[in-house]
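Worksheet: one structure, shown below.
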Amino acid sequence: MTRIGVTGHRAIPHEAFGHVRAALTKALTEALRAPRGVGDPVEALSSLAAGADQLFAEIALDCGARLTVVTPADDYESTFSPAELIRFRALLDRADSHVTLGYTRVSGEAYYAAGAYIADHCDLILAVWDGRPARGRGGTADVVHYARALGRPVSVIWKPGAERP
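What follows is the structure, given as structure tokens:
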């Protein structure tokens, strides 16, 4: 099985959104076209955070990949706006599997653990990342550095010159 994980920013600027969507679609389409064994699916791993994670999951499902959702804490749903929560639940309903980590409350440590879980269980990380330091523990930069330390390939997706809000 080919496993592709995502890490990325919650806020994707308007001027970068089309670029990010196209790059995620291309990466997932190429993974699905790559030679694999018969019945060997592509699995997409995401925490379904608003922004890059939800976009990745939506594209992965539309491309025919299996979705595994990794949620960092029992109160994770409290971090979403009403619209984000609707999208989160809709994607979660379409998932093939759901991994819940042992954290009661969302924290930087819980976010880091979710990102590390994804990096530990994938063959490639797609990072929707502006290249800047994380704004809090468990942010995109932390997961990218962790994945690279594991020796996982990381494909950074960002539109040059775009500024994250």
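Residue numbers (this note's numbering): 22 to 186.
Using N, Cα and C, we set each Cβ at its ideal position, and we do this for glycine too.
Task: Under the three-state DSSP convention, the category ILE139 falls into - done: helix
TODO: Tell me, to the nearest whole angstrom, how far the beta carbon of ASP163 is from that of GLY136; I am working on the premise that it is less than 8 Å.
DONE: 7 Å
TODO: With DSSP collapsed to three states, give me the class of HIS30.
DONE: coil
Open item on the list: So, at 6 Å on beta carbons, what are the nonlocal neighbours of SER118 in its own chain, with the 5 sequence-adjacent residues on each side left out?
Closed with: Apart from sequence neighbours up to five positions away, the residues of its chain that approach SER118 with a beta-carbon distance below 6 Å are THR89, ordered along the chain.
Open item on the list: If we require 4 or more residues per run, which alpha helix (DSSP H) segments fall completely within the segment 28-116?
Closed with: 35-54, 73-84 and 103-115
TODO: Return the chain-ordered list of same chain residues with a C-beta closer than 7 Å to the C-beta of ARG169, the five sequence neighbours on each side being excluded.
DONE: Sequence-distant partners of ARG169 (beyond 5 residues in either direction) whose C-beta falls short of 7 Å from its own C-beta, in its chain, are VAL175.
Task: Which of helix, strand or coil DSSP assigns to ALA183 - done: coil
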